[in-house]
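Participant: According to the numbering used here, the stretch in the sequence shown is residues 150 to 423, in order.
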Amino acid sequence: MIDATRPVAMFDSGVGGLTVLHECLVALPQEDYVYLGDTAMFPYGSREPAALRERIAAITEALLQRGVKLVVIACNTATAIGQDVVREVAAEHGVEVVPVVEPQAEIAAAITENGRVGVLATTNTVESGAYRRALERQGRALDVIEVAAPKLAPFIQEGSLFDEQTMEMARSYCAPLREERIDTLILGCTHYPLVAPMLQRILGRNVRLVSGGHAVAAAVQRTLKRDGLAREGDEEGDYEFFCTGPVDAFREVATRFLQMPLGEVRQVEFSVPA
Ligand code: DGL
Numbered sequence: 150m151i152d153a154t155r156p157v158a159m160f161d162s163g164v165g166g167l168t169v170l171h172e173c174l175v176a177l178p179q180e181d182y183v184y185l186g187d188t189a190m191f192p193y194g195s196r197e198p199a200a201l202r203e204r205i206a207a208i209t210e211a212l213l214q215r216g217v218k219l220v221v222i223a224c225n226t227a228t229a230i231g232q233d234v235v236r237e238v239a240a241e242h243g244v245e246v247v248p249v250v251e252p253q254a255e256i257a258a259a260i261t262e263n264g265r266v267g268v269l270a271t272t273n274t275v276e277s278g279a280y281r282r283a284l285e286r287q288g289r290a291l292d293v294i295e296v297a298a299p300k301l302a303p304f305i306q307e308g309s310l311f312d313e314q315t316m317e318m319a320r321s322y323c324a325p326l327r328e329e330r331i332d333t334l335i336l337g338c339t340h341y342p343l344v345a346p347m348l349q350r351i352l353g354r355n356v357r358l359v360s361g362g363h364a365v366a367a368a369v370q371r372t373l374k375r376d377g378l379a380r381e382g383d384e385e386g387d388y389e390f391f392c393t394g395p396v397d398a399f400r401e402v403a404t405r406f407l408q409m410p411l412g413e414v415r416q417v418e419f420s421v422p423a
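As structure tokens, then:
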């Protein structure tokens, strides 16, 4: 029997999902959270999709074994490539899943004025067509311009400095978006909100950036409430962090981005490679 005192689980290939966790901590501070960064297999964006699906299934099962009440896929690539397997595994435990992608498509379709929407995402996410399909479902004729940015998430994950080379990389990813005169850009990878100021500067003030975290936190809130699983009270919840790669590297970057101490970070291993 699932009850409200259980934690909410979320996972990503690395620290990108922390942008989703942050929004959940703002909206639902009383909940407990379990966060898993699959840093040993980072980046998901350029891994073979079939292997990635198996890996994602194994991670979901491990999170469910911890007795969580909800699984949040805090990774666009995992959502695009394996949302269905996460749902299948979670359904066996009677647990709901909240993915990214769709909530952003809804917002982008609602706010674009010229109907020209850009999507910046990993190669796997772009190739999956997940955003294109999600935007088509919004019932509005839109021009969708997708750009794969294979080097951007690794740059963020490594906690690298912003040098001239980084700017050059970001400018080259943004060039087709500028040429196509988009007025709305979906940040189609949970890592990207961490470099939103840089992207906004390159694209200019007329382009609105759409991140997923806020909408996902709202979906988490709705789902927990609907299922009678929301935790009551004013007390701040607890959080637990796991990663599959070196703990120190994860802790350093994650602490900087989340701007709070993580407590103990534990390393976990999965026998299923990606
Ligand atoms: N945060 C993942 C995503 O949303 C990341 C990047 C990757 O692992 O390639 O797509």
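For every residue, glycine included, the Cβ atom is placed at its ideal position computed from N, Cα and C. In this text the structure is predicted, and so the values were computed from the model without any measurement.
Grouping DSSP H, G and I as helix and E and B as strand, with all else coil, what is ALA367?
Facilitator: ALA367: helix per DSSP, three-state reduction.
Participant: Tell whether a beta-carbon distance below 8 angstroms holds between ARG380 and ALA153.
Facilitator: Result yes, Cβ atoms of ARG380 and ALA153 sit closer than 8 angstroms.
Participant: Any heavy atom of the ligand DGL within a distance shorter than 7 angstroms of the CB on PRO422?
Facilitator: Not under cutoff, so the answer is no.
Participant: Where does the unbroken beta strand (DSSP E) through TYR182 begin, and where does it stop?
Facilitator: From DSSP, the beta strand (DSSP E) with TYR182 extends over 182–186.
Participant: Given this structure, state the Cα-to-Cα distance separating LEU170 from ALA211, to the nearest angstrom.
Facilitator: Whole-angstrom Cα-Cα distance: 19 angstroms.
Participant: Tell me whether the segment 293–300 and the segment 263–270 touch, counting them as touching only if at least three CB pairs, one residue from each stretch, are closer than 8 angstroms.
Facilitator: With a cut-off of 8 angstroms, the segment 263–270 and the segment 293–300 count as touching, because enough Cβ pairs lie within range.
Participant: Between THR393 and the ligand DGL, is there a pair consisting of the residue's CB and a ligand heavy atom that are separated by less than 7 angstroms?
Facilitator: Checking every heavy atom of the ligand DGL against the Cβ of THR393, none is found closer than 7 angstroms.
Participant: Decide if ASN225 is buried, meaning its Cβ has at least 16 other Cβ atoms within 10 Å, or exposed.
Facilitator: Label assigned to ASN225: buried.
Participant: Let me confirm a value: VAL417 is counted as buried when at least 16 other C-beta atoms fall within 10 Å, else exposed. Which label applies?
Facilitator: Label assigned to VAL417: exposed.
Participant: Just to confirm, are THR209 and GLY362 a CB contact at a threshold of 8 angstroms?
Facilitator: No, they are not a contact pair.
Participant: Given a threshold of 16 other Cβ atoms within 10 Å of its Cβ, counted over all protein chains shown, does VAL175 qualify as buried or as exposed?
Facilitator: The residue in question, VAL175, is exposed, as its Cβ has fewer than 16 Cβ neighbours within 10 Å.
Participant: Is any heavy atom of the ligand DGL found at a distance shorter than 7 angstroms from the C-beta of CYS338?
Facilitator: CYS338 Cβ: within cutoff of the ligand DGL.
Participant: If you draw a straight line from the alpha carbon of ARG350 to that of VAL244, how long is it in whole angstroms?
Facilitator: In a straight line, the C-alpha of ARG350 is about 41 angstroms away from that of VAL244.
Participant: Identify, in the order they occur along the chain, each residue of the same chain with its Cβ nearer than 7 angstroms to the Cβ of LEU126, setting aside the five sequence neighbours on each side.
Facilitator: Given a span of 150 to 423 for the chain in the structure shown, any question on residue 126 remains unanswerable.
Participant: Residues in its own chain within less than 8 angstroms of THR404 by CB, not counting five upstream and five downstream?
Facilitator: Cβ within range, chain order: PRO410 and LEU411.
Participant: State yes or no: is the C-beta of TYR182 within less than 8 angstroms of the C-beta of MET150?
Facilitator: Result no, Cβ atoms of TYR182 and MET150 do not sit closer than 8 angstroms.
Participant: Compare the beta carbon distance of THR261 and ASP161 with 8 angstroms and say whether it is the shorter of the two.
Facilitator: No.
Participant: Fully enclosed by the segment 270–339, which beta strand (DSSP E) runs are 3 residues long or longer?
Facilitator: Here the runs fully enclosed are 292–297 and 333–337.
Participant: Report the partner residues of TYR388 according to the DSSP bridge assignment.
Facilitator: DSSP output for TYR388 lists TYR182 as bridge partner(s).
Participant: Which word fits ARG273, buried or exposed, when buried means at least 16 other C-beta atoms lie within 10 angstroms of its C-beta?
Facilitator: Here residue 273 is Asn; the residue named in the question, Arg, does not match the sequence. When all chains shown are included, ASN273 counts as buried.
Participant: Under 8 angstroms, with one C-beta from each stretch per pair, do the segment 306–317 and the segment 281–289 reach the 3-pair mark?
Facilitator: They do not touch, by the three-pair rule.
Participant: Here's the rule: buried if 16 or more other CB atoms are within 10 angstroms of the residue's CB, otherwise exposed. What is PRO422?
Facilitator: Exposed, because fewer than 16 other Cβ atoms sit within 10 Å of the Cβ of PRO422.
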